[in-house]
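Presented below is the structure to which this report refers.
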Amino acid sequence: MQYLDTRDLLNLCRTSWATRLDIKTNSWNINDRLLHFFKNPMAFRSHLGRTNALISGSFALQFFERVTWPESDLDILVEEGDGLEEMKKYLTESEGYTKVPQPESTSEIEVEVGEEQGDYEGFYSGNIKECQTYLLPHKDPNTGNVTRRKVQLVITSGLPVQVILCHYYTTAVTNFISWDKAYSIFPRATFLLHETVPLKPVDDAFGRLHAKYSQRGWRMRTEPVPFSHEGDLHASGNRRQPLGDVSKYGGYRRIGDRDSWVMRLGDTAGIEGSSHFVPDFVLEYSGFQIRGVPEGFQDFASMADWDSVRRALCVTIRATIFQSPVLRHQYLEGFHALWREIRTLTTQDTIGQLCKFSSSRLDALVAGRPPVTLDHNGLNAISFDHPLGWDYMDDAIPRLYDEWESQGRLS
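To convert, note that position 291 of the sequence shown is 290 in numbering that gives the first Met the number 0; the numbers rise steadily by one, no gaps.
Listed below in structure tokens is the structure:
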């Protein structure tokens, strides 16, 4: 199996259910991978689910690629708050890790973030608040050599998946692992073509990182990524559309669409469930938009300066957080008309449900404003405890998306 590339291995998975199960058990066994960092992988995955954290960085890439880089660490993205405190407590008290003291820093001081030194843009910015390092001495039973296992907590101010999509510097590292599934956003480019498309201008820092990944086997793509529909997109290894069906839908995609590789992780029976676990569909129906330089403006030989080339090499990903009083969870929206309809529906539902309050309480909540003055943002700004009997409409998001897709309205 180790000599088969990803395409051949996936084709082999199609031959029978027994073969598929055997390959997943031996080639993509998440618990075996996690044993390098945790004595109890199932307990760690339970905490990963309860804290709604995500594993990302080079660990996730190695998992999909079925390789091991001995020098790499494990990066956990977790939102600040109670989940962060739970994860820190688990690392130190249950797994024996020790936190490395952080030097004083400001919002613009560069830091080393994990083994990659750049997956998070190299400094505390935007949604990234802080990176904490945890070390665990490990003695090799065969050689007696002592090494240190390293876990990085990347603390975010919002959804961790937004950081992965909007702050990472290249497509090859936009992979992540939740408590029960592994996600690769650009599997065609990353694992079939073995190329990576820059997501940030290829400046001094990111150029060095791309050189590192070229040494590891991922060629930096310099050919323009087309945003006009051409050819058979889903032909195996299609080089014209390495990032998915971005031409058909105006660059709009969702995390769990047909262009992503979503792998269900086996052996979840020992994971302790919790009401804090976020349903998979919240991630998988979150959307994002890919934008690039028009193909006709990527002739590098005609450019007058090198900064223009550095910028033209990259595409960008946009995704903003969508929330509403009638949604239990936060989502990512990708600037598509579908989300405008969801915005209209949630606004309608919120205004309607506010009528469950007494007139005096409602008047106090809205400061006497009539419904015509309350848009989506205005309703989100109202702070109140949801009463018993408050209805939520999270189930409408996958239903609407599937309806739009079946009707061809996503294009």
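Cβ coordinates follow ideal geometry from the N, Cα and C atoms, glycine included. Only a predicted model underlies this, so the values are computations on that prediction, with no experimental measurement involved.
If you compare the alpha carbons of GLU332, GLY377, PHE205 and THR319 with that of ASN126, the shortest gap goes to THR319.
The three-state secondary structure of PHE334, taken from DSSP, is coil.
About 28 Å separates the beta carbon of ARG207 from that of GLY250, a gap too long to meet the 8 Å contact definition.
DSSP places GLN161 inside the alpha helix (DSSP H), whose first and last residues are 159 to 166. Under the three-state reduction of DSSP, GLY82 is assigned to helix.
By the CB criterion at 8 Å, ALA210 and ALA59 fall outside the cutoff.
As a beta-bridge residue in DSSP terms, TYR133 pairs with LYS98 and VAL150. Distance check between ARG147 and each of THR169, VAL77, ASP298 and PHE37 places PHE37 closest, using alpha-carbon atoms only. Within the segment 27 to 58, the alpha helix (DSSP H) runs of at least 4 residues that lie entirely inside it are, in chain order, 29 to 33 and 40 to 49. Sorting LYS355, TYR168, ASP374 and TRP217 by C-alpha distance to the C-alpha of VAL201 places TYR168 at the top. Counting of Cβ neighbours within 10 angstroms places PHE175 among the buried residues, the total reaching 16 or more. Per the C-alpha coordinates, the member of VAL150, TYR89, VAL292 and ARG253 positioned closest to ILE396 is ARG253. The straight-line gap separating the alpha-carbon atoms of GLU283 and ASN30 is approximately 23 Å.
GLY377 sits exposed, since fewer than 16 C-beta atoms from the chains shown fall within 10 Å of its C-beta. CA-to-CA, the gap between SER323 and ASP279 works out to about 19 Å. Minimum Cα-Cα distance from ARG44 among the listed residues GLY272, PRO69, ASP258 and ARG257 corresponds to GLY272. Relative to LEU83, the option among GLY157, THR345 and SER274 whose CA is nearest is GLY157. No residue range can be given for ALA171, since it is assigned to no beta strand (DSSP E) and is classified by DSSP as neither H nor E. Ranked by how close their Cα comes to the Cα of ILE270, the residues GLU70, GLN151 and HIS46 have HIS46 in first place. Residue state for TYR284 is assigned as coil, using DSSP reduced to three classes. By the Cβ neighbour-count rule, GLY143 is exposed, with fewer than 16 other Cβ atoms within 10 Å of its own. Its Cα nearest to that of PHE383, the residue LEU353 stands out among ASP374, GLU404, ARG398 and LEU353.
When the beta-carbon positions are compared, VAL325 and THR349 come within less than 8 Å of each other. Residue HIS385 holds the alpha-carbon nearest to the alpha-carbon of ARG327 among PRO370, HIS385, VAL308 and ILE316. Annotation for SER359: the continuous alpha helix (DSSP H) segment containing it runs 358 to 364. Here THR195 is bridged, per DSSP, to MET219. Ranked by Cα distance from ALA336, the options THR97, GLY407, VAL371 and ASP304 are led by GLY407.
Look at the beta carbons and you see the segment 213 to 225 touching the segment 179 to 198: at least three pairs across the two are nearer than 8 Å. Taking VAL261 as reference, the option from TRP27, VAL292 and TRP16 with the minimal CA-CA separation is TRP27. Ranked by Cα distance from VAL150, the first of GLU85, SER57 and ASP72 is ASP72.
Rounded to whole angstroms, the separation of the alpha carbons of PHE185 and THR170 is 7 Å. Assigned with DSSP and collapsed to three states, GLY206 falls in helix. For ALA181, the secondary structure class from DSSP, reduced to helix, strand or coil, is strand. Taking 8 Å as the cut-off, the Cβ atoms of PRO159 and GLU85 do not count as close.
In this structure, the beta-carbon distance from VAL314 to LEU164 does not fall below 8 Å.
Residue pairing for PHE321: DSSP places it in a beta bridge opposite TYR330.
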